[in-house]
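Its first residue numbered 1, the sequence shown is counted upward by one per residue in my numbering.
Ideal placement from N, C-alpha and C gives every residue a C-beta, glycine not left out.
These figures come from a predicted structure and were not determined experimentally.
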Amino acid sequence: MRIVSLDEINSNMKLAKPIFDDNERMLLNRGVPLNEQYIKRLEELGVTELYIEDENSLGIEISSVINEKLRIKGKKAIKKVIEGINKEEKFNIREVEEIVTEIFDEIFLNPEYLLYFGDLRVKNDTVFGHSLNVAVISVAIGSFLFHEKEDLIKMGIGALLHDIGKTQLPEDIAGKNPLETEDKSFHSHPELGYSLISERFDISPVSKAVVLKHHERVDGRGYPNQTPGGKIHDYAKIVAIANTFDILTNGPYYKRKFPVYQAVEYLVANSDIMFDKRLVGVFIRRLALYPNGTIVKLSTGESGIVKEQNKDYPTRPLVRVLRDKDGQSYDDPRIEDLLKNHSIVIVE
């Protein structure tokens, strides 16, 4: 199994994971050959990437942190909140709390040590998918710190609602890249979100702090209040990391998604500037830097696909070597365990 963009699909590929619509109805099942008719329909639905299985990726598994039905359920809950806000309705926070509780339970029971937080989003669900993934990543980081479930759920609620203030902004402003824009109106969305949830929801002060402070920086140069790092709640610092990581690896703001290792380089380079260095370290120790199914180039000049992870060694997975340094395919690809062969490293 591996992830490919829709324009790379050919008739030799089969769908590796089922595709569901927003109502949890299966559109295509695993194992379906991807013909032109299916590809055209998926394009109409806004699908841009798929999990596929071909000869090169046979037998490779990509495990998501949460199951697909919970992901759909979570996106629907966020959509319901946003629609309620737009109609100026009061909202029972209980449904959001239930989603975050299920996220915690799945992460706590997840047997994978090195985690993958990818999310294949259709074009019209980027807001909902981003909010959900920020909650998933945040709860995962908190669980690595062995914090109490009740506290992590409060953080997760704030993470799920972290961008709720954008509902009060014009679409062209709300859609700006959070990592680059200097727009003062955009910078107001944490305060707008804080006011909204304070008025509409019976919600914990911890959740409110996350919504208000998730764009503050540890060097005191963030927004909306330029709060110094020592006065930013740890859970807001965690959500800041999760938010940035998901923007880089799954967001719609760049021509291509950043590979996980490049997103990690960004977090590390900005530690003690934008992000809490200790919390960044906690996160990346449990992150699959080269997730299963990733195409990589080795220091030998050869290229291959990541087959599986070595626990505790995120930079040294097992790689199925597919092509030589001249790009010629091997008839019988070998498995290279980078933990055992220290002379070979991944270069890109």
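Local Cβ density within 10 Å of residue i, reported as buried at 16 or more and exposed below that
| i | result |
| --- | --- |
| tyrosine 51 | buried |
| lysine 45 | A small fix is needed here, since residue 45 is leucine in this sequence, not lysine. Leucine 45 comes out exposed. |
| tyrosine 313 | exposed |
| proline 170 | exposed |
| arginine 320 | buried |
| leucine 132 | buried |
| glutamate 97 | buried |
| proline 205 | exposed |
| lysine 69 | exposed |
| histidine 214 | buried |
| isoleucine 273 | exposed |
| methionine 26 | exposed |
| tyrosine 235 | buried |
Closer than 6 Å: residue i CB and nearest the ligand SAH heavy atom
| i | result |
| --- | --- |
| alanine 236 | No copy of the ligand SAH appears in this structure; indeed no ligand is present at all. |
Cα-Cα separation between residue i and residue j, rounded to whole angstroms
| i | j | result |
| --- | --- | --- |
| isoleucine 173 | isoleucine 335 | 48 Å |
| leucine 145 | tyrosine 253 | 31 Å |
| asparagine 35 | aspartate 7 | 12 Å |
| aspartate 151 | arginine 94 | 15 Å |
| alanine 269 | glycine 281 | 12 Å |
Cβ separation of residue i and residue j, assumed to be a contact under 8 Å, to the nearest whole Å
| i | j | result |
| --- | --- | --- |
| valine 81 | isoleucine 107 | About 22 Å separates the two Cβ atoms, so there is no contact after all. |
| leucine 298 | isoleucine 344 | 5 Å |
| leucine 114 | leucine 339 | Not really, about 12 Å apart at Cβ, beyond 8 Å. |
| isoleucine 66 | valine 136 | 6 Å |
| tyrosine 160 | isoleucine 99 | It is leucine, not tyrosine, that sits at residue 160 in the sequence shown. Yes, leucine 160 and isoleucine 99 are in contact; Cβ-Cβ is about 7 Å, under 8 Å. |
| isoleucine 103 | glycine 156 | 6 Å |
Bridge-paired residues (DSSP) for residue i
| i | result |
| --- | --- |
| serine 5 | Glu49 |
| aspartate 337 | Leu318 |
| leucine 298 | Ile346 |
| phenylalanine 20 | Met26 |
| proline 33 | Lys14 |
| glycine 304 | Val296 and Val321 |
| serine 271 | Phe275 |
| serine 329 | Arg323 |
DSSP-derived helix/strand/coil call for residue i
| i | result |
| --- | --- |
| aspartate 276 | coil |
| leucine 192 | helix |
| aspartate 312 | coil |
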